[in-house]
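All residue numbers for the sequence shown refer to our numbering, where the first residue is 465 and numbers rise by one. Every residue gets a Cβ at the ideal spot worked out from N, C-alpha and C, and that includes glycine.
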Amino acid sequence: FASRVIRGIDPAAATPLWLRERLRRAGLRPRGPAVDVTNYVMLELGQPLHAYDLRRITAPVRVRMAEAGERLRLLDGSEIAIAADTLVIADAVGPVGLAGIMGGEKSGIADDTTDVFIEVAYFAPEAIAGRPRRYGLTSDASQRFERGVDPRLQERALDRATRLLLEIAGGRPGPALMTQVDAALPRRPGVTLRPERVQALLGIQIPRAEIEDILRRLGMQVAGAGDVLGVIPPSHRFDITLEADLIEEIARIHGYERIPALDAAMPQQPQPASEQAVPRERLLLLLADRGYQEAVNYGFVDAGLQRLLFPQSVALPLENPIAADLGEMRVSLWPGLIESLRRNLRRQQERVRLCEIGTRFELTDGTLRESAAIAGLISGPVLPEQWSGECRAADFYDLKGDVEALLLLTGRAGELHVAAAAHPALHPGRSARIMDGDLCTGWLGQLHPEISRKLDLKDGPWLFELDIDLSFRSQVPVFEEISRFPALRRDLAVVVDETVTFEELRLSVNLAAGALLRELYVFDVYRGAGVEPGRKSIALGLILRETSRTLTDAEADAVIAAVVGRVKGDLKAGIRE
């Protein structure tokens, strides 16, 4: 904190035209010699100053924190109640200015001021930051203090302002009073510079002697021997904190025009795209076409929710989580999607369809295993609310249809099948897994009702998750000519036990029909009169075609006979007439 009293200035003196014009071009309005000089020195050196009318302040002047109940009328005419965490410039009576922000009206320079008290100080950015906006104020001084000023500039700024004011308005300067607390001043840490790093970044060899000369000409202290230089930037260079900052300065002074332009020497090896990999963007686009919206969640999840869904999985805990409810790496994408659903429901979004592609992390025998997955969640009605009819709620088959649409992209959907299975996070009777032979590649089903109750989800959402590497290994497409010959359709009503799934029935029919079967689908399921209790009738549509000729009725009948014989033997099925 530096200050000086100047007595006997001429109150009738006018600010010179050159100084008024420079202030005007900087956006400041001339107000009189004392104020104009402090504003000009602030623009010239970057150090804010403030001038007080000496007759309106009572010694001693000091810097302190505001006290309870203190108020101050500022130079702009506003009156504020000063918060206790605000620095003030105070005399023996009370505050005369907000430190680093704005002076008080009572102690301001007037037209008849002859004795001036000039104050120059360094205030740390954290002591000023935020205070001007709290009071609805803004000033050139506060903007500079919030961004940082040179802590070694105060005496120079005071001498410069004194000299200018004496030249313009005369007066008798008193001694400069300096108060400095070295322990409170910011310390500039040294920056390490490796000369070989200069060459690595700039691509040219600059002699060590030239490097040291450039840095010293910029006011930096340079020391060290060997391969490392220790550099201390001057106090006003806040922008130099890294080795790269020093190298930038070296390049600037050495001359950018002296750095030759060279072609990039890095070899480019494009990675061939595999025809057997389905692009992840294609998966997301398909789900978007089916009404999903992509979610992007953290890889960190709430440990309690994750244990609720996956009690047997071993998750990787975080040593320093960014939030208390983000304490573990996720073993599945479901926790993030469920949290996204809850946020949407709290905002009255009744129909939610979300999908996400991300990485899962799971500890297996002490080893962290990462795997990419695609997951989805649907909740609420199948369609948005509309006038033409009642919207039914989404069910298992809606979700299964979305999953099957994804698997169709691989060209090998026939090799994958859905089998009923239990999962701790899913409803015991409404869950299944996707199988590729004996390998489980994913799960789908409704959230377990007990978990839904604990999470306050009235209607349990439907979820799926597929391992991308295991599920989306596509077959290379093979051209097949479209047949010019008509197809034959045969319908078959097969009566089987309630426990028999369509997947088992499909497998049996495919084995019997062979290559002539082009399409197989269910168009009716019947239980009731004519069907024994504990059994059901599944009506199948079989599309048969030969690519090279017209299929005869006899050939089609032979295929149906083979199918009937197979399902009777494999599934103890009956045929409904």
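- With contacts defined by Cβ atoms closer than 7 angstroms, Leu880 and Leu871 form a contacting pair.
- Taken in chain order, the unbroken stretches of beta strand (DSSP E) that lie wholly in the stretch 670-731 and span 3 residues or more are 685-687 and 693-696.
- DSSP places Glu983 outside any alpha helix (DSSP H); the residue lies instead in the beta strand (DSSP E), whose first and last residues are Leu981 to Tyr990.
- Here the stretch 985-997 does not lie against the stretch 919-933, with fewer than 3 beta-carbon pairs under 8 angstroms apart.
- For Asp517, the pairing in a beta bridge is given by DSSP as Val580.
- If you look at Leu832, you'll find it in the beta strand (DSSP E) that goes Thr831 to Ser843.
- Between the beta-carbon of Pro888 and that of Pro775 there is about 6 angstroms, and that keeps the pair under the 8 angstroms contact cut.
- At the C-beta level, Met899 and Ala883 come within 7 angstroms of one another.
- One Cα belongs to Leu483, the other to Asp623, and the distance between them is close to 17 angstroms.
- Taking a cut-off of 8 angstroms on C-beta distances, the stretch 650-659 does not touch the stretch 488-496, as fewer than three cross pairs fall below it.
- For Glu610, the enclosing alpha helix (DSSP H) stretches over residues Asp604 to Arg611.
- DSSP, reduced to helix, strand and coil, places Lys918 within a helical segment of the structure shown.
- DSSP, read as helix, strand or coil, puts Pro892 in strand.
- Per DSSP, Ala545 is one residue of the beta strand (DSSP E) stretching across Glu543 to Ala545.
- At a Cβ-Cβ threshold of 7 angstroms, Ser947 and Gly875 do not count as neighbours.
- Annotation for Leu665: Ile711 place their beta carbon closer than 6 angstroms to its own, counting only its chain and skipping 5 residues before and after.
- Contiguous beta strand (DSSP E) elements confined to the stretch 932-1010 occur at 952-961, 981-990 and 999-1008, taking only those with 3 or more residues.
- In chain order, Thr1011 place their CB closer than 8 angstroms to the CB of Glu945, counting only its own chain and leaving out the 5 sequence neighbours on each side.
- The DSSP assignment places complete alpha helix (DSSP H) segments of no fewer than 4 residues inside the stretch 768-853 at 798-810, in order along the chain.
- In this structure, the alpha-carbon of Pro799 lies about 33 angstroms from that of Glu968.
- Shown here for Met642: same chain residues with a beta carbon closer than 7 angstroms to its own, the five before and five after excluded, namely Ala466 and Glu619 in chain order.
- Residue range Ala466 to Arg471 is occupied by the beta strand (DSSP E) that includes Val469.
- Between Ala687 and the set His514, Gly654, Arg811 and Asp1034, the nearest pair of CA atoms involves Gly654.
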